[in-house]
Structures are given as C-alpha cells and as structure tokens.
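Protein chains in written order, with UniProt numbering: chain V, 1 to 189; chain U, 1 to 189. Don't be surprised by glycine CBs; every beta carbon is placed ideally from N, CA and C. From a predicted model like this one, the values you see are computed outputs, not experimental measurements.
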DNA sequence: GCTTTAAGCTATTCAGATTAGCCAAGGAGA
DNA sequence: TCTCCTTGGCTAATCTGAATAGCTTAAAGC
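Shown next, in the form of structure tokens:
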C-alpha cells in the first residue's frame, strides 16, 4: 500500500473543495476519505475529526477571503474600494459556498481563536474601505457592522437561493453598493 | 402505557423549543423524543423524520415571524415602520435562534413550497415598509433585497456571536436603522 | 361491550464517527 | 547498503443516531 502523501493542509483543501460541491452539512469523513483515495480512519492521522476539519475549512476560507480582499483593494479608495470589496465577498461566497458556510458554522469550535484571528483580516479590509469615507470615529464601528451585515446577508441569501427571480440579482447588487456609497458619503464629516 | 397525546404540531413545537436551546445542528430525534417522554421511533408516527421535522420548524418560524411583523407594523409608516420591522426581526432571531436558523437550513427540502409561502408573508411586510418611502417602482425589488440582507445579516451575525465588543450592539443597530431611513428617504421620488 | 384505528414500544438494520492495534513505507544514520 | 524508528494507512470493533418492521394495546365510534 503506497502512501498517499497527505498532510493536514491537503486534507483540508480536499474537504473544502468537497464542501463547496455538496454543502458543508453533507460533508463526512467518509466522502473526504473517498475523494482522497483513502479509508476514513486514516484521516485521523492528519486531523482531529470532523469538528476539527470543519474548523480548518473555516480558517482556510477566512484566510483566502482576507487575501482576496486585500488584493482587490490595492490602490482603490472610496466608492471604488467599496465596490471592489463587496464584489469580492459576493464572488467568494458564490464560488465557495461550503467553505464560507463553515466560517459561521464552526464559530463555536474556535476556542483558540484561530478563526477569529483570520476573520479579523477581512474586518481590517472593511475598515479600510470605510476609512476612505472619513466618518466620525464613533460611527466607524457601526458602519463596519452594517457593511458586514449587508455583505454577509446578501451573500448567504443569494447562495441559499433565497432570492426569487434570480434574473436581476446583479442589478440589485449594484443598487445596494450605490445605496451604501451615497449614504456613507452623506455621513462623512 | 398511557398515550402522550402528541400530534405533528406539538412535536414540532417541542423540537423548535429544543432547537432554540441547543442549536438546530444538535437537534436529533432522540433528544426530541426524550423531551416529550417518548421513544424516538414513536415520533415517526407524527413526522416523517428529521428532515421533515426541520422543515416544519422552519415553516413554524417563518409563520411566527410573519405574524409578529404584521402585528408590529399595525398603524406605522415610514421610519417608524422600518424601525419596528427591524427590531422585530432582530428580537425574533435573538429569542429563537434555532428556529430561525432552520429557515435557511431547510430551504433545499422545500419541494412543495410551504416554506417559501410562509416566508413570503415576511417579505410582504418588508415591502409594506418600503411602500411608505415612495420609491421608484423599479427600485423596490432592490431595496427589498437590501432590507432583507441587512436584517438577515445583522441578526445572524449577532446570534452567532459574530460581533466583538457585544456592548454597544444596540447603538449599532439604531445607527443602521437610521442609515437606512436616511438613504431611503433620499431615494424617494 | 366490540371493533377498528392509531400511538407507543421493542428489536433490528444501517450509516457514519471514532478508537485500538497491526504492519509496512520510507527517511536517518551507521 | 542495511537497520531502526517514526509515521501513515489498514482492518476490526465500538458507539450513536436515523429509520423501518411488526407487535400490542389505548381510546374513539358504534
């Protein structure tokens, strides 16, 4: 029996890919093992079980999203930065629904705070977007929470097929970004 | 063995209460049965299994939220209606996190559309809020989706403990409502 | 009281997570 | 190259929870 050359990272990556395909709730040690050409118990040599695997997927997703956000915002400010950040989140959720879902399903299992740490990087990008609007310092935390809420809400609703008439979700998204930009500009000092 | 006097509604109600306590993901036929003083297989006389139970909880939640929204909006319009609707959703998610979570977890199992139908009632209330702002008809669908996104996002983030510094979430919520009101008024014809 | 329906039970099967313990692959050093 | 030791994969087994089958009797209608 030749070795498969697995390690925690490759197992997590395979599991994340599977989660995107079949949904995080359908993820099992068995399917991951099958995908990797290995038997389920073998996975326990690399990860600490399903809960740990799910947590690792969440951290991976938060890290990836954080990276993409940072990249997308290079050299942009104001409305441009807002649009780029929003589009990045939306695209990520659409392309990686399973991974993204893991980030809020695995929250309880984040005792060491690894996930929180990874998520903070996305928060930093959102904060950078807002900085461009020159809000009152006391308003920033509120605006940050609003931005998170809108993007998280829009992304998850779209991903879970929550919108009827899927047709012009694009238009709605653009409208929302526009709405936020106007409001934030009006709120600036 | 005296009968327990169960029926689909009472089983669903007990399961929903349990889901609020332990989380929808921890819900099992066994715990529901135990809570009702019955053995797990007995539940199959009333509901069609865990997936069906979960779906029933979702419909229950959507119906309850729809009722509360309708009540909360009696005689209100404009900013008042917006604030009331937002507060109602937020309170519902906080008080019934398990039930609320069921509404988007059970979406795939909604072949007959019962859940969609129940959710449409909450959408109708949101639409009523917006009607008070006299938006361009073509903007209404976009504004509706934004409103859903914000309320859904804010509620789920708060429920999953997603906000750090839990302290002034109240203030943030008020700020967001204010932001939406201003923006919507500016968008009105 | 008699019949019929339906609710609850026990026994069983099945799937999936997890653990224990075996055994070989493959790298490190003589 | 040969040997040792760590490590990864395997099989076997346990355990929990979902779901089905079939038995038995409560209680509703007559």
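Residues of chain V with CB under 7 Å from residue i, in chain order?
| i | result |
| --- | --- |
| residue 171 (chain U) | 142 |
| residue 54 (chain U) | The premise fails here: residue 54 (chain U) is roughly 11 Å from chain V at the closest Cβ pair, so nothing lies under 7 Å. |
| residue 81 (chain U) | What residue 81 (chain U) touches in chain V: nothing, since even the nearest Cβ is about 18 Å away. |
Got a sec? Which residues, its chain only, sit under 6 Å from residue i by beta carbon, not counting five neighbours each side?
| i | result |
| --- | --- |
| residue 6 (chain U) | 46 |
| residue 103 (chain V) | 58, 61 and 62 |
| residue 54 (chain V) | 102 and 106 |
Excluding the five sequence neighbours on either side, which residues of its own chain have a C-beta within less than 7 Å of the C-beta of residue i, listed in chain order?
| i | result |
| --- | --- |
| residue 69 (chain V) | 85, 88, 122 and 125 |
| residue 42 (chain V) | 33 |
| residue 118 (chain V) | 59, 62, 63 and 66 |
| residue 101 (chain V) | 24 |
| residue 51 (chain V) | 109 |
| residue 79 (chain V) | 181 |
Which residues of chain V have a Cβ atom closer than 9 Å to the Cβ of residue i, listed in chain order?
| i | result |
| --- | --- |
| residue 161 (chain U) | 107 and 108 |
Kindly list, in the order they appear in chain U, the residues whose Cβ is closer than 8 Å to that of residue i.
| i | result |
| --- | --- |
| residue 29 (chain V) | Going along chain U, no residue has its Cβ under 8 Å from residue 29 (chain V), so there is no contact; the nearest lies around 17 Å. |
| residue 126 (chain V) | The contacting residues do not exist; residue 126 (chain V) stays about 12 Å from chain U at best. |
| residue 191 (chain V) | Look at the range of chain V in this structure, 1 to 189, and you will see that residue 191 (chain V) is not part of it. |
According to DSSP, is residue i part of a helix, a strand, or is it coil?
| i | result |
| --- | --- |
| residue 113 (chain V) | coil |
| residue 66 (chain V) | helix |
| residue 165 (chain V) | coil |
| residue 188 (chain U) | coil |
| residue 45 (chain U) | helix |
| residue 178 (chain U) | helix |
| residue 35 (chain U) | helix |
| residue 133 (chain U) | coil |
| residue 97 (chain U) | helix |
| residue 108 (chain V) | helix |
| residue 6 (chain V) | coil |
| residue 77 (chain V) | coil |
Determine the direct distance from the alpha carbon of residue j to that of residue i, and round the result to whole angstroms.
| i | j | result |
| --- | --- | --- |
| residue 177 (chain V) | residue 73 (chain U) | 28 Å |
| residue 142 (chain U) | residue 82 (chain U) | 16 Å |
| residue 131 (chain V) | residue 145 (chain U) | 26 Å |
| residue 19 (chain V) | residue 25 (chain V) | 8 Å |
| residue 44 (chain V) | residue 93 (chain V) | 29 Å |
| residue 38 (chain V) | residue 56 (chain V) | 19 Å |
| residue 17 (chain V) | residue 98 (chain V) | 8 Å |
| residue 3 (chain U) | residue 21 (chain U) | 26 Å |
| residue 112 (chain V) | residue 160 (chain U) | 17 Å |
| residue 11 (chain U) | residue 31 (chain U) | 12 Å |
| residue 165 (chain V) | residue 28 (chain V) | 33 Å |
| residue 36 (chain U) | residue 183 (chain U) | 49 Å |
| residue 77 (chain U) | residue 96 (chain V) | 39 Å |
| residue 186 (chain U) | residue 153 (chain V) | 23 Å |
| residue 91 (chain V) | residue 40 (chain U) | 42 Å |
What in chain U is Cβ-close to residue i, meaning under 9 Å?
| i | result |
| --- | --- |
| residue 104 (chain V) | 156, 157, 160 and 162 |
| residue 183 (chain V) | 179, 180, 182, 183 and 186 |
| residue 99 (chain V) | Here the premise fails: no neighbours, minimum Cβ distance about 16 Å. |
Which same chain residues, not among the five before or five after residue i, have their C-beta less than 8 Å away from its C-beta?
| i | result |
| --- | --- |
| residue 189 (chain V) | 134, 135 and 136 |
| residue 163 (chain U) | 157, 169 and 172 |
| residue 128 (chain U) | 73 and 81 |
| residue 116 (chain U) | 110 |
Can you list the residues of chain U that residue i reaches, using a CB-CB cut of under 7 Å?
| i | result |
| --- | --- |
| residue 75 (chain V) | Going along chain U, no residue has its Cβ under 7 Å from residue 75 (chain V), so there is no contact; the nearest lies around 27 Å. |
So residue i contacts chain V; which residues on that side make the cut at Cβ distance below 8 Å?
| i | result |
| --- | --- |
| residue 176 (chain U) | 142, 145, 146 and 149 |
| residue 139 (chain U) | 175 |
So does residue i have its beta carbon nearer than 6 Å to some heavy atom of the ligand HEM?
| i | result |
| --- | --- |
| residue 6 (chain U) | For the structure depicted, the ligand HEM is absent and the ligand set is empty, with no information on it obtainable. |
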